[in-house]
Structures are given as C-alpha cells and as structure tokens.
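Reading through the structure tokens given below for one structure.
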Ligand SMILES: NC(=O)c1ccc[n+]([C@@H]2O[C@H](COP(=O)([O-])OP(=O)(O)OC[C@H]3O[C@@H](n4cnc5c(N)ncnc54)[C@H](OP(=O)(O)O)[C@@H]3O)[C@@H](O)[C@H]2O)c1
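In our numbering, the protein residues as written are 124 to 406.
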C-alpha cells in the first residue's frame, strides 16, 4: 500500500512515520507541501500516488487560533478541504485527524460519533467546518477524532509538567476539565489499523480511561518519581484566550467496531516516560 502523510513533522505525524512499516510511506511537512496551496498538494499526491492520504496537518495552537482566525480557517478548514478535493480528484482514500474540540464540553457521558458538533473555540470551529465539508465531498472519508495528544519530541502537557517540576516544589493544575490523554504512537497504530481495515465515517480514537488535567499531572509526577506537589485548581483561575471543553471524553465504540482497542492512558504514560528517558540518555 502507498501512503502519503501531510503534517508528517508534527507530534502525530512523526509517530506515524515511526510506526508505519511494510507499506510505502511518504511524509510532508508544511515546508514541503503547504495544504493552503491546492497546487502543492496536488503535486505531492501526483508524485506519490497513494492509496491512502493521512491529513495530520493543522494549526494546533488553540489560543493562537483565537487571535489568528484567518490562519486557523485557512489551514484547518480550507487546507483540509484542499486535501480532500485532491484525494477525490486522484482517487485516494482520505483519513482526516479530527478533535474533541468540535464538542461543547457540556456532556457528562462519553461523546458518540453522531453527537452534534457545537465547537466553542475558533480552533474547534475551523476543524468542525472541515469535518462537515469533507463528509459532503467524500462519502468514504474516515475522520479519526482524538484528544489530549502527547508524545516524545513535541510540545505536550507531560513535557510541560516535567519541565515545570524541575524548578518548582508546587504546581497548580485545573481539576475541572475531563478528557482522555492519548499517546501519539498508540494513535498512530490505531490510524494504521483503520486504513488497513478500510475504515470510513467518523471514528473516535483515544487512549482508554479518562482523567482531569490535575489527575494527569499527578500521575506524571508520580511516574517520574518527582516530589513536586500537584495542587488542584479551577479553570476560572487560569483564564485563557480559547475556551476549553469541560468534558471531552470520546466513546471508543466506533473504534472497537473495527476490533481496535487502545491501551489505558496510565499504561501509555508509562511508555511515554520510558521513551522520554531513553531519548534523553541518547543526547
Ligand atoms: N495536539 C493535540 O492535543 C490534539 C488533540 C486533538 C486533535 N489533534 C489533531 O491531531 C492532528 C495532529 O496534531 P499534532 O499535535 O501532531 O500537531 P503538531 O505537532 O502541531 O503538528 C502540526 C503539523 O501540521 C503541519 N502544518 C501546519 N500548518 C501547515 C500547513 N499550512 N500546511 C501543511 N502542513 C502544515 C506542521 O508542519 P511544520 O512542522 O512543517 O510546521 C506539522 O507537521 C491535527 O489534526 C490536530 O488538529 C491534536
């Protein structure tokens, strides 16, 4: 199988390149192929002639999207539609990476794939609009929504906590937002399995289990053997430009239908800590 990945230099993209074996995989970062430019995408796809295109490219700075609305829509909506149009024109299957931010966060039970989109932030709106248009353009597109991505070699929550813990005896972390942390290599393996299964429609792909950011931070400090005290706090004490969903746990039912079960986030965290340690000792 030939596979072309956009966003190959990002957290998920790098994990996809690392995890994907046996197939012919080509990855593009923004400098190689800017998804805002239809001609660049068309040329990349014509050169690589993939059976599957994975679009993991996005402007992911959620707060930055609030002040750069135009850029957010240019990349996350228009750019994603460009990739879908090229997939359609050249007869490739498309797997688009979606987000938990398409929901309003008001649910108290895991979101199913058919729950209405009601994004609160510019980032969420730009990704939701992309989903809607991709769904109309390509009946067999697969939209794999994920959440709270973390991994070695990119900016992510565990990395921030570990860096802060190196210089602080106490860290305040919000305890009123609940979701499912997702380790990039686990998501990459799920994406590969979805392509091999010929998946279509919306699929929710996160590590299993859920927690608040406070619970996640506490487990990170414990797992790393740090004495830093993690204190629970509330979102109103940490006001940020983009509103975060209070609850964004995604139901695994759609993923399980393909026989895919992702590990618990606590096991994923242990794997991350071990991989981070190994990467640090190589430097
Ligand atoms: N991070 C999360 O917590 C999270 C949660 C839910 C869903 N997601 C979704 O998961 C996917 C992967 O996220 P990530 O965390 O791996 O992202 P990331 O680390 O921020 O990487 C973003 C990738 O997109 C590329 N990119 C940005 N603008 C582009 C453009 N105009 N044209 C082409 N490529 C462009 C970047 O290329 P350069 O490196 O060359 O700039 C990079 O490869 C995204 O669709 C995101 O919306 C992420």
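Using N, Cα and C, we set each Cβ at its ideal position, and we do this for glycine too. Values in this document were obtained by computation on a predicted structure and should not be read as measured data.
Exposure of residue i, with buried meaning 16 or more beta-carbon neighbours within 10 Å
i, result
"residue 202", "buried"
"residue 239", "exposed"
"residue 244", "buried"
"residue 221", "buried"
"residue 309", "buried"
"residue 351", "buried"
"residue 80", "Absent from the model: residue 80. The displayed extent of the chain is 124 to 406, so no value can be given."
"residue 127", "buried"
"residue 193", "exposed"
"residue 439", "Lying outside 124 to 406, the shown extent of the chain, residue 439 is not represented and no answer is given."
"residue 237", "exposed"
"residue 70", "Since the first residue of the chain shown is 124 and the last is 406, residue 70 is not available in this structure."
"residue 345", "exposed"
First through last residue of the beta strand (DSSP E) which encompasses residue i
i, result
"residue 353", "352-356"
"residue 291", "It is not in any beta strand (DSSP E) - residue 291 carries neither H nor E in the DSSP assignment."
"residue 267", "265-269"
"residue 176", "175-178"
"residue 376", "It is not in any beta strand (DSSP E) - residue 376 instead sits in the alpha helix (DSSP H) that spans 376-379."
"residue 183", "No beta strand (DSSP E) holds residue 183; DSSP gives it neither H nor E."
"residue 151", "147-151"
"residue 277", "It is not in any beta strand (DSSP E) - residue 277 carries neither H nor E in the DSSP assignment."
"residue 325", "324-327"
"residue 125", "125-129"
Short Cβ contact (7 Å threshold) for residue i with residue j
i, j, result
"residue 331", "residue 385", "yes"
"residue 313", "residue 383", "yes"
"residue 265", "residue 322", "yes"
"residue 328", "residue 378", "yes"
"residue 168", "residue 213", "yes"
"residue 297", "residue 353", "no"
"residue 370", "residue 301", "yes"
"residue 305", "residue 271", "yes"
"residue 358", "residue 299", "yes"
"residue 161", "residue 205", "yes"
"residue 250", "residue 199", "yes"
"residue 207", "residue 260", "yes"
"residue 373", "residue 234", "yes"
"residue 274", "residue 392", "no"
"residue 164", "residue 209", "yes"
"residue 347", "residue 396", "yes"
Residue nearest to residue i in terms of C-alpha spacing, selected from the options
i, options, result
"residue 228", "399, 379, 366", "366"
"residue 262", "223, 268, 215, 337", "215"
"residue 276", "145, 402, 146, 247", "402"
"residue 183", "136, 380, 375", "136"
"residue 195", "132, 174, 253", "253"
"residue 140", "217, 158, 351, 177", "177"
"residue 225", "210, 255, 211, 231", "255"
"residue 147", "129, 131, 138, 171", "171"
"residue 409", "364, 186, 334, 375", "Nothing about residue 409 can be reported from this structure: the residues present for the chain run from 124 to 406 only."
"residue 325", "242, 174, 258", "258"
"residue 124", "166, 320, 273", "320"
"residue 278", "291, 294, 307", "307"
"residue 189", "285, 364, 156", "364"
"residue 284", "219, 317, 338", "338"
"residue 290", "317, 166, 349, 315", "349"
"residue 132", "138, 395, 152", "152"
"residue 242", "292, 219, 185, 293", "185"
"residue 248", "362, 404, 197, 130", "197"
Start-to-end residues for the alpha helix (DSSP H) that takes in residue i
i, result
"residue 171", "161-171"
"residue 339", "336-346"
"residue 400", "388-405"
"residue 314", "307-319"
"residue 136", "134-142"
Residue i CB to nearest heavy atom of ligand 2 below 6 Å
i, result
"residue 277", "With respect to ligand 2, the structure shown offers nothing to examine, as its ligands consist of ligand 1."
Taking only runs of the alpha helix (DSSP H) that begin and end inside the region 185-259, which ones reach a length of at least 4 residues, in chain order?
185-190, 192-195, 203-213
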